Structures are given as C-alpha cells and as structure tokens.
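*Asks:* The listed protein sequences correspond, in order, to chains D, A and G. All the letters of the first sequence, read from the start, carry residue numbers 1 to 341 under our numbering. All the letters of the second sequence, read from the start, carry residue numbers 1001 to 1182 under our numbering. All the letters of the third sequence, read from the start, carry residue numbers 2001 to 2770 under our numbering. By construction, the Cβ of each residue, glycine as well, lies at the ideal position given by its N, Cα and C atoms. All values reported here derive from a predicted model rather than from experimental measurement.
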Amino acid sequence: MTALSSPYAHNNQSVRKVMLQVQLAALPALLAHIYLFGYGIVIQWMLAVTTAIVVEYVMLTLRGRPVLPFMTDMSALITVTGLVFCIPPEAPWWIVVSGSAFALIFGKHLYGGLGYNPFNPAMLGYAFLLISFPVPMTQWTMPGEVVGYTLDFMHSAQVIFMGHFDGNSLDMITGATPLNELRTGLSQGVMVPDTLRAHDSQLPWGLNSWAWINIAFILGGLYMILNGTISWQYPLGFLGALSAMALLFHAIDPAVYPPLSFVLLSGGTMLAAFFIITDPVTASTTPRGKLIYAAGIGVLVYVIRSWGAFPDGIAFAILLMNIAVPLIDQYTQPRVFGHSR
Amino acid sequence: MIEAIIVFLGLAIVFGLLLGYASLRFKVEGNPMAERIDKVLPQTQCGQCGFPGCKPYAEALAKGESEVNLCIPGGTEVMIQISEITGREPKEMDAEAAEPKPKEVAFIDEDLCIGCVLCIKECPVDAILGATKQMHTVIQKECTGCEKCVPVCPVDCISMQPIEITTKNWQWPEPQTVQEAK
Amino acid sequence: MGLLQRLATLLPLANHWLHRFHGGVSPQYNKSLSASQPLRTTLMPSQLVLPLQQPVGLPAEPIVQVGERVKKNQLLAQAGKDPRKALIVPIHAPTSGTIEAIMPMTLPHPSGLEDLCIVLKPDGLDEAIDNALQVDGSAPQTPQALKDILLQAGIIGMGGAGFPTYAKIPSEAGKIHTLLVNGAECEPFITCDDLLMQTHADEIVRGALITAHALGAKRILCGIETNKPAAINAMRHAAKQLQHDNLKVEIKEVATVYPMGAQKQLTFELTGVEMPSKAHAVDLGMLMMNVATYAAIYRAVTLGEPLTSRIVTVSGLGLEKPFNMPVMIGTPFVELAEAAKPKVALDYPLVMGGPMMGFQVQNNQVPVLKTTNCILANPPEPAEMQMPCIRCGACMDACPVNLLPQQMYWHAQAHEFDKVEKLNVFDCIECGCCSYVCPSHIPLVQYYRHAKSEIKTIKAEQQATELAKQRHEFKLARIEREKEEREARLKAKKEAVKQEVAAASSAATDAAKPAKSAAAAAAAARAAAARKAKSAATQAESPAIPPARLKAIEAAKAASARAAKQTAEKSPEKTQQAGAEDTTLDAKAAARKAAQLAAQKRAQAKVSGNIEISDNKESANTPDSKPDPKAAAKAAAMKAAAQRREKTQQAGSSQTAEASTSPKTEAIDLTGSSEATPASEKEAARKAAMAAAREAAKARAAAKKQPVSEALSAAEPGASSSEVAPDPAEAARLKREKAMQAAKARAAQKRQAADNSNAASDASSQESSS
C-alpha cells in the first residue's frame, strides 16, 4: 500500500507514540502513589491492563477488526490508567475489572472503536462504578502518613482479592478522602477551616498525600505540554475556571468554601486537568473550543463538589461537557486565512 | 368533573386554533415534493422509468403512484434520495442499474449519417444539430446520455461513448480507507 | 530573532513565534544533500519530450513537421487561437536536432495520462539561434511591451503552478506597487532556487528591476529563508551593486518553516497583508514571482532567449550523488536520476517536486517541464497503517491557512461535500502539513483533493442538469404548441368549409356588377367581408369597441387588400375565371345563408359577452381577419426578435422568408377558397395549395431553426397589440389571446392549404414542423 498523494514525508508521529507519551507522563504520579498509598495501585493497574487486553481482543475479534494494530495502539492502556487512578487502591478486584470492561466495551467499542466514542471511556467507567458500587468506591485506603504504614504488595493483594489481610478487616486502613471529610463535616455543622485544621499533614510544606499526587500529575502534564502531546488550552481553561470559582466563593464565605490551594490539590483535579480532559477524541478541538470546553468542566467540577451529591464531580463534569463538544466545535471555528469572520 | 371537561375543552380549542394558525402561516405552495424529487433526478429525460421525462416521474412519485426504483441513470444513489424524500421503503434496483455507469454521451458517426432527423426528434434536450438530408452532430456539452437516439437511428450510426479523461477533467481518486466504520 | 531562533531549537513550540502565519511544520530538510554540490554542467539527453499541453491553459499547436531539423531556441509550437484568451504559451527547441515524432506520451502529471508531445532527437551540436526573440536588449517601458516579450519567450511561473507569466502581469502601468521575489524555497530536498540565487543573483536582481521598471512598481521585496545564508549573501551583494533610480531589491530574511514559500503566506510574511480568500495579489497591487522566473525574464528581455532550460534539483535518499543542474526542458526524468548514481535500481516511481507537494510520476520516462524544480528519488518505505482519526488537532495546529483539517476529513470521507466546502476546503493550498503531522497517518490532502474535484464535478453536473431540464421543458412546450396548432388547423378546416361558401358568394355578388376586373372583384370581396365583419362587430359591441380590436380590424383590412393585390398579380387568370364562373344565383343564396350563419354566431358571442371570445371567433369566422394578426404580429415579432438578438443575419433571413411566403400562401388560399365551388377548378387549386404548403413549410423550417425567435414571435403579437389595452391584467390576458389567435390563424390557414393538397405535401409540412 503506497501513498498515492503527497506528502511523502511524515514526522514519524503515531497514535501509539502519543499514547506512550501519555503513559510515560503518568509515571511520576504512579510512583508517588506507590510511595504514599502502597502497592495497591500496582495490583489494580495490572488487573486493569489484563482486563483491557482480554476485552480488546474479544471486542476486536467480534467486530471483525484487525486485532494487532488496534491492540498495539495503546489507547486502551491510557483509558484504564486513567480509571485506575480514580479507584481506591485497595478496592475489591471486581471493581476495577468491571469498570475497565465497562469503559472499554460501552465507552469505546460499542461506539465504533478508537476515535468514534463521544464520551471519555475512563470517566464513563468511573461513573458506572460510582453509581453502581458507591460504598467500596468511597472507601479510600488511608495514606501512610495517616495510618502510619502502607501495605506491601502481598497484603494489598490479599485485601483486593479477599477483602481482608491477615484477618484484619479492610475498615482498619480505609477512610474518607479530604473532599469527603469536608462534605461530611459540613453536613454535621463543622466549618471548612476546622476540618482542614484537624487534618494537618506532616509531609513537606504541610501538603497532604493527595496534594502530592496532584503535584506529580502537574509534573507529568508539563512534560506533555512541552513536547506537544497535549494542548495547553485544556489545563489552562480547566484550572483557570476552577480557580476563579474557588477564589470567588472562598472570598464570599471562607467557612463553607475551601481555599484555592485545597481545591486545586485535592481529589482528581490535576489528573483531570492533564490526563483526562486532554483526551482528544472526546474533547473539543478548536483552539477557542478547547478553552471553553475545559472551562466548562472547571465550573461544573466546582459546582458538583460544592453543591452536588458526589464528593468529586470530575467524571460527571467531563461527561456533561462531552455532550456539548459538537456544539462548541461548531461555534468556535477559527478564522480561515484570508477570510473575514 | 366539570372542571376537567372545561379544561380539556379549553385545551382542545387552544390547540385547534394553534394548528389552524400554523397550517395557514406555514402553508406550502404547490407540490414541493414533486419539485424536490425532480431536483434529485438526473434530468436525462430518458424515459426509462416509463414516464415521458423526469418531471412526470417526479410528479407520479409525489402522488405515490410509482415505485422509487425506476430511475435507471440515477441508480441506487438517486433511489435512496427519492425514498428519503417520499418517506417510502427503498427498493432494490434492477441488477444492471445498481452499479452507476460512467457518464456517456452520444456520438454520431458522421460518415454514416443519412440526415433522417429521427434522432433530432427523439432527443429530449435538443442536443442534436442537423437538418433533413444533412449530417447531424451531437452537442456533447448538452447531451444527457439518455440513449434515446440510439435505437431510432435507421443506419445505426449513433453510439454511446464515455467522456474522454484528460488532465483537465481528471480527478484525484478517493483514498482507500483501511478501516471502514461499521 | 536570534534569541528566538536559539529558543526554537530547544523548544519546538517557540518555532511558531518566528513567523506571522499560523501553523506550519519543520520537516527534515535534507537540503545539504544537493546544496553541498556545485552546479553540474548540462546533460545532453538521448531525446527531449516537449508536451504541447502546459500546466495551465490550452495546448499549443505544432508548427514543425516530423523529420524537420531544428535549431536551439527555434519556435516549435505556438498558439493557434488567441493566446491571451486560452493562456497558451509557445514551445521552443531546447537544443538542435531533428523532430522524431509528434505523438501521445505519458505526461508528468499525477494521473499518468498521455497527451501529444513533440519528440526531439538532439544531434549534440547544440546549434543555437542567437537572440531568437529579436529583442534590442533595452528594458521594456510599458507592461504591454514586457508582456509581449514574455509571451514570445514562453515564460510561465517556475515555482510550481506554472501560470503563464504574461497573463499574470496587469496591462496598466502603476497597478503594481510592490514586486515580490519568492526566494523561500521551503520544500525539503529542493535547492535549485538556492543554487540559482548563489550563482545567478545578478540575473534575478536584473530581472526584478526590469519587471519593476516596466510595471512602475515602487518597491521590490525579496524573501529568503534563513537556512540559505549563501544565497542571502549573494542576493544582498547583487542588490547593492545593481540598484538604480530609487529602485533596489530589499532582501528580507524569513523564518525557516514550511510552507514559507507559499504565495499568500510569504506575502503575509513580507508585507503583513493578508490576502483575502478570493482575491489575487495583483488586485492588492502586489505581484509575486519565483526567483527562477525573474532570471528567465532577464534572459528573455536582454538576450532574447526563450525559456528552454532551468535548474533542476536531482536529489533523494536513493541517490548516491545528488546534484543541481541546468537541465533542458524535456529531458526524461530517468536520465537525470541515473546521472546521480542511484543506490538501488530505479524501479520505484520518482517524484516530481518536493516530498510535501510533489507527486509520483507514473512512468520514470516523463520529461522535465518548465515547472519541474526537483526530481526526487526516495525509495519506498513501508507505509504506516492508517488509523482512525483521534481528533488530536495536530493537523489544525499545523495548517498554515487555519482550516479545520480534521473536520474537513470527517465530512469528506462521509461524502458530505457541501459541508467540506463550507469549511473552506477551496482555501486549502494542499501544502501537506496536516498529513505530515497526522499521528493516524491519514492521507488528508488526498481527501481534500478528491473532495475538491468532487465538488467541482457536482457543480458542473448541477449546471448540466439544470440546462437539460430547461431544454427538455422547452422542447415539451414546443411540442405542445405544435399540437395546439394542429388542433387549431383541424378546427379551422371545419370553419373553412363554411367560409369557402361564404367567401365565394360574396365575391360573386360583387363580381355580378359589370365592368369590373377580376382583381378588383377579389379585392372587393375581401373588403366587403371585412366591412361586414366590422359592421357586425359594431352592431354587436357598439358601446365600446376595444381599440385593440379596431386596430386589428384595420390591420386585417390592409392585409387582405395586400393579399388580394398579390393574388391579382400572381394569378390574374385564375381569379378572373373564378370571378366569371361564380356569378350564379345559387351562390348568392349560399352566401346569404352563410352570412346569416355568421351573424347568428356573432350574436351568440354577444350574448356570452366576452369580447375576447367574440374577437377570437370573428377571426376564425371571417376569412379576412385571418391573415391580419398573423402578418401584423409576425412583422412585429420579427422586428423585435431581430432587435433583441444580435444574430441579425439568421433572424433576418427567417423573417424575410416568413414574411414573403405568408402573403403568398394567403393569396393562394384566397384563390383556393374563391375557386372552391366550381369542380373544374379543383385540380388547379390543389396544385396551387400544394405549392403554397411546401413554401410555407420551408419558411417554417427556416424559422424553426431558432426556436427562441419562434417563441418570441408567438409572444410578441400580444405585446404589440396589448399596448393599447388599458388594464394590465386584461392586457396580459389579451396578450395571451392574441398570441393564440395569431397562432391559430396561421395554423388554420396552413391547414386549409394543406387540406386541399395530397398526403405527400402533408408529410412534408409535418416533417418541417418537427
């Protein structure tokens, strides 16, 4: 198969390379996760990848597609990696398996495979888990700084596959995330500053483990921006809008609305900013569209976090904005050279 | 009870008026369906559908008096467009018509032509020039390729020939897609 | 700039701050492959192939014979038609030799189609005609003078598009204020312009000065990419040496980014003017040409040399010794590639142009054209598999026109070409940046090329369809009209039976008076009938006779008189006989009866109260009014038609034919009717009628040749008579009625004639009417 038409040159970029770049950029966060929360995430990640391989193979065969090129495009890897970061590290094994399978089957293959899915598969899988299994999805393993130790590989495996380790119940090591605590605190009449004060961290600069994971994501994200893997418009729009909301409402009532630093460095903020909303398939593609799309997610995340039913609104915010993408693209077409608007 | 009746009566009146207004306000003049069908027909005026031209066929279709798969030159593509406009089930084309033929134009072998004017009479778009006892010729630009002139020629001097491809009318072929969306 | 450049080497993102236009890419340039080598001496090829068809315009026509010996610079083919309209450029012999053949050969075109080429066998002597263009070496003072030389020299844009240069230059002096010199050779591998600027900078500068002088341009700007420092130096040096009368070539460095050399992009870069989508640079007072074109202009204007050779880069990863060489136009690709020592056998297609915008030739024997800047031999690489679009937007970031390649691709592959067009696909310059960066390896440019040609075809088809529809509808209308005419003829035939009797009797009455010539008798008969008709009409509608009708009656009288006169002149004996034999009492009685019948009918018409209908009937009833509308209307119609259409000749001839035959026909008609009763004259009448029918048929055939004028003639009589009608709505109706009436009358009269004649004449009339 020779290319008939020019150009006969290429910059040697490929879908696989792009995906591997993303995977590489997620490495700092993965390492930080292992250091702070233990090996649970590694087991989850391996489970997810195994599921992905099986699901991809079965689905591609069923759909009558060439298996090898599409297996090796690595897009499924990125999907499940994004999902794994959203799942509690010691969640039961069937959570990540069903979530990954759902994400790939319903989020990708049923829409026609890579490039044809309107919704972010990882977030679709996450939303599916969040709605179907709310309890295990909110039981986060506490980081080492809180519990005093992290589980090693074998103990994590025990918890994930059997629900306990050395006869100890899972409840021993799980708790609420800072976002969750804030929410429960507010519902019990505890003001935000008090909740935050009660959980001062021993880690450098007083930042808790979740904040450090977010910082690791920022590192990976900056790397991707610099080598051109992702557009800068996504993080800028998202973080800009989220910051604006946080600053505004914190200024209005600091007792109820957390400060900017907490908003930016809690939950999946940075994961979303650099790894999830930048998925080009489901995002707006025009320069202004990217900003609008990302800013929309930022606003929605803040809204869901502050007034919605879920502690972290990233999945729903992204899925909602996914719906709006065709509309945004339609109205943000750039001015073509030589045309007045 | 009585309130319900009154409410529903009121609603009926309101909606009735609305519908009446809408039918007046958005009234469509003429028979747009026939015109829309006429637009998608290839206008070869070949009569292969059994009607004396494209417009009569379009009108018959609009009235629902004809099948959607009769336009041979239009092929499957036009058939689907017609069924979309008329809202009727698409029907299989006859085997030979399903494949779109490359456009051809009539060509008169001027050595053989006896000037009988039969083809001139037959041509639906007056694309043949000539007079009695004089050689005829086809205005290629205006020939629709309906082939109506071919059978009437008493000396069989008319043939259909594909339009010659030159560097001026050559087209870039469509790239082959490796993966067709299913 | 320097700082930014250093930053750009570290950070690819910073590249975008170095230039003004959006997007662009920085491919592997590979320019040193050929640029490091000195210019090689010209290769004498085994044969030269010169296509008559240039990239733009119509083919030239050869003026040499096969077997003829030609010298270098001799004219081989030139424009047969007006070259200015058809954009034809002449072709000259690149060297001396014999014409071997003029035959179809494969063209250097992506299609690989064949077309007529002149094949020249060089004799190796390279005998040249000096100053083949016969110039005096002085600089042309007006754009027209320059254009004439450029046309003769066969110079076309040598950057790639190949648009004839003479056609690009405006004819008015002072229209161009800025002359742009394109030295931004942005395609990878190609270095021919680089080498030309290094070695012939003075020619380029002189060419630019000549052009600017002739056009009255105030400023000359030359843009050269920063990756050609030697060329920049050479050009700066030449520009400094050669400036005169306030005109000098300003050399500007522009960033090294692809596609800097695209016309609109470089214009934007040099002047800051963003050329509107549909506008040409000339409209904005700017003219951009390639450096090689300027050098060719210099050689044509001062040395009288036509364009027969150019510098070509022969490069590629598959060649051992890439080079640049002044190459004769028509040299086969493969001979040049072989001269560069290919690493592997050249069994893969060579590329004409660069890797970004060039195309693979279908046959490596194809010749070098005036637009061939590079022959590229890159061995085929295993192509990456095409993946689905992941909407990454890399194409959009790379597009120098700021299009949305990804969305255009989406619609193009779905064959939604209207949407592709809405996304401004026609602004796409096919630079290939989008395909170059696409991680999914989608051949985007080919999709756009396909979509563009599809859109053009669809538009052409739509036009053709619309035309076919109109023509078909017109044909239907014509058939309908003819049918109506036939019906009217039939109806008139019935009437005619009655009228024959009436006319004969009235003629007889008048003829009964003594000492009256036959001609007078006939005239009187007409007049009497007309009078009768008039009086009847006056009786019936005395309160308000429409002026139109009055006019019609008057016209009828005049026409009948004229007709009668002609009858008298044409066939005096016949009429005489008729007049003599018709003096019978029986005839008188019959005439009276007929008159009564007519009166009754008129009365009925009166009852119906419809002026139009009565009018109509009258015209059908009274033979006199028959010729009237026809003659009057026809004359008016023909006049109008003649005025409107500029084909005066055709219209005029058909008009005269009609006009001259119609009275004749009428005349014979009249004789026919007046002779109808006596059995002895029937034979003569038939003969006369046949003759009349044939003549009428001929006239109609002549008229039918341009159906439009015929249609006009049907419509016009109404127009002429409706001028007097007061009410516009009424006028419109009247118009239609009158037209119908005219048509019917004509038909009736013809039918009458044909009726008497035999089947043969009938057939002939039918044939002619179709």
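Please state if the CB of G/Tyr-2029 and the CB of G/Pro-2259 are separated by a distance shorter than 7 Å.
*Replies:* No, these two residues do not count as a Cβ contact at 7 Å.
*Asks:* Looking at the unbroken alpha helix (DSSP H) that takes in G/Arg-2236, where does it start and where does it end?
*Replies:* Counting along the chain, the alpha helix (DSSP H) containing G/Arg-2236 begins and ends at 2229-2242.
*Asks:* Are the CB atoms of A/Cys-1113 and A/Cys-1187 within a distance shorter than 7 Å?
*Replies:* Lying outside 1001 to 1182, the shown extent of chain A, residue 1187 of chain A is not represented and no answer is given.
*Asks:* Establish whether the CB of G/Leu-2712 and some CB of chain A are separated by less than 7 Å.
*Replies:* Only weak support is given to the placement of G/Leu-2712: the predicted model assigns it a pLDDT of 41, under 50, and the question is left unresolved by the model.
*Asks:* Is the Cβ-Cβ distance between D/Ala-101 and D/Thr-51 less than 7 Å?
*Replies:* Taking 7 Å as the Cβ cut-off, D/Ala-101 and D/Thr-51 qualify as a contacting pair.
*Asks:* Going by C-alpha to C-alpha distance, which of G/His-2441, G/Ser-2171, G/Glu-2068 and G/Pro-2062 sits closest to G/Leu-2215?
*Replies:* Checked all of G/His-2441, G/Ser-2171, G/Glu-2068 and G/Pro-2062; the closest Cα to G/Leu-2215 is G/Ser-2171.
*Asks:* So D/Gln-188 contacts chain G; which residues on that side make the cut at Cβ distance below 8 Å?
*Replies:* Result: empty, since nearest Cβ-Cβ is about 45 Å, beyond 8 Å.
*Asks:* Measure the beta-carbon distance from G/Ser-2314 to G/Ile-2375 and round it to whole angstroms, keeping in mind my assumption that it falls under 8 Å.
*Replies:* The sequence shown places Val at residue 2314 of chain G, not Ser. Their Cβ separation, rounded to whole angstroms, is 5 Å, which keeps G/Val-2314 and G/Ile-2375 in contact under 8 Å.
*Asks:* So is D/Ser-187 buried or exposed if we call it buried at 16+ other beta carbons inside 10 Å?
*Replies:* Exposed: under 16 other Cβ atoms inside 10 Å.
*Asks:* Please confirm whether G/Ser-2440 and D/Val-67 have their CB atoms less than 7 Å apart.
*Replies:* Contact flag unset, no.
*Asks:* Is the CB of G/Ala-2651 under 7 Å away from at least one CB in chain A?
*Replies:* A caution first: G/Ala-2651 carries a pLDDT of 39, below 50, which makes its placement in the model unreliable, though a value can still be read off. No, its Cβ sits nowhere closer than 7 Å to a Cβ of chain A.
*Asks:* Tell me where the beta strand (DSSP E) around G/Arg-2219 begins and ends.
*Replies:* Taken as a continuous stretch (DSSP letters only), the beta strand (DSSP E) holding G/Arg-2219 covers 2219-2225.
*Asks:* Between the alpha carbons of G/Asn-2402 and D/Thr-278, how many angstroms are there, rounded?
*Replies:* Each residue's Cα considered, the two are about 21 Å apart.
*Asks:* How is the alpha helix (DSSP H) around D/Asn-180 delimited, first residue to last?
*Replies:* From DSSP, the alpha helix (DSSP H) with D/Asn-180 extends over 178-187.
*Asks:* When we look at the beta-carbon of D/Ser-266 and count the other beta-carbons within 10 Å, is it buried (16 or more) or exposed?
*Replies:* D/Ser-266 comes out buried.
*Asks:* Short of 9 Å Cβ to Cβ, which residues in the stretch 2345-2378 of chain G face chain D?
*Replies:* Cβ contacts with chain D: Tyr-2348, Pro-2349, Val-2351, Gly-2353, Gly-2354, Pro-2355, Met-2356, Met-2357, Gly-2358, Phe-2359, Gln-2360, Leu-2376 and Asn-2378.
*Asks:* G/Gly-2816 to G/Gln-2360, Cα distance in whole Å?
*Replies:* Coverage of chain G is limited to positions 2001 through 2770, which leaves residue 2816 of chain G absent and any answer about it impossible.
*Asks:* So which residues of chain G does D/Pro-280 contact, with C-beta pairs closer than 8 Å?
*Replies:* Within chain G, the residues near D/Pro-280 are Ile-2390, Arg-2391, Cys-2392 and Gly-2393.
*Asks:* So, under 8 Å CB-CB, D/Gly-313 and D/Val-301 are touching, yes? Tell me the CB distance rounded to an integer number of Å.
*Replies:* D/Gly-313 to D/Val-301, Cβ: 5 Å. Contact.
*Asks:* Can you pull the DSSP bridge partners for G/Arg-2310?
*Replies:* Answer is G/Val-2327.
*Asks:* Answer yes or no: does any C-beta atom of chain G fall closer than 7 Å to that of D/Gly-64?
*Replies:* Answer no: the Cβ-Cβ gap between D/Gly-64 and chain G never drops below 7 Å.
*Asks:* How big is the Cα-Cα spacing for G/Gln-2405 and G/Thr-2271?
*Replies:* In the sequence as presented, Gln is not what sits at residue 2405 of chain G; that position holds Pro. If you take the alpha carbons of G/Pro-2405 and G/Thr-2271, they lie about 27 Å apart.
*Asks:* What residues match up with G/Arg-2069 in a beta bridge as DSSP calls it?
*Replies:* Answer is G/Thr-2098.
*Asks:* In terms of residue numbering, what span does the beta strand (DSSP E) encompassing G/Pro-2051 cover?
*Replies:* Where G/Pro-2051 is concerned, the enclosing beta strand (DSSP E) stretches over 2048-2051.
*Asks:* Just to confirm, are G/Gly-2154 and G/Pro-2306 a CB contact at a threshold of 7 Å?
*Replies:* Yes, the Cβ-Cβ distance between G/Gly-2154 and G/Pro-2306 is below 7 Å.
*Asks:* Measuring only between beta-carbons, confirm whether D/Phe-337 sits less than 7 Å from chain G.
*Replies:* So, interface residue.
*Asks:* Residues of chain D with CB under 7 Å from G/Lys-2343, in chain order?
*Replies:* What G/Lys-2343 touches in chain D: nothing, since even the nearest Cβ is about 17 Å away.
*Asks:* Does G/His-2109 come within less than 7 Å of chain A when only Cβ atoms are used?
*Replies:* Cβ-Cβ to chain A under 7 Å: yes for G/His-2109.
*Asks:* At least one CB of chain G closer than 7 Å to the CB of D/Val-80: is that the case?
*Replies:* It does not; no Cβ of chain G falls within 7 Å.
*Asks:* So, at 6 Å on beta carbons, what are the nonlocal neighbours of G/Val-2249 in its own chain, with the 5 sequence-adjacent residues on each side left out?
*Replies:* The residues are Val-2205, Ala-2208, Ile-2220, Cys-2222 and Ala-2239.
*Asks:* Can you give the Cα-Cα distance for D/Leu-20 and D/Met-154, rounded to whole angstroms?
*Replies:* C-alpha separation (whole angstroms): 29 Å.
*Asks:* Under the three-state reduction of DSSP, which class applies to D/His-164: helix, strand or coil?
*Replies:* Correct three-state label for D/His-164: strand.
*Asks:* With 7 Å set as the bound, which would you pick, yes or no: does the beta-carbon of A/Ala-1012 sit closer than that to a beta-carbon of chain G?
*Replies:* So, not an interface residue.
*Asks:* Report the residue ranges of all alpha helix (DSSP H) runs contained in full by the stretch 2375-2408 of chain G; include only those spanning at least 4 residues, in chain order.
*Replies:* Counting whole runs of 4 or more residues, the stretch 2375-2408 of chain G contains the alpha helix (DSSP H) stretches 2394-2398.
*Asks:* Can you give the beta carbon distance from D/Pro-334 to D/Thr-286, rounded, assuming they're within the 8 Å contact cut?
*Replies:* Contact flag correct, Cβ pair sits at about 6 Å.
*Asks:* Say yes only if the C-beta of G/Leu-2247 is nearer than 6 Å to one or more non-hydrogen atoms of the ligand FAD, and no if none qualify.
*Replies:* This structure lacks the ligand FAD; in fact it carries no ligand of any kind.
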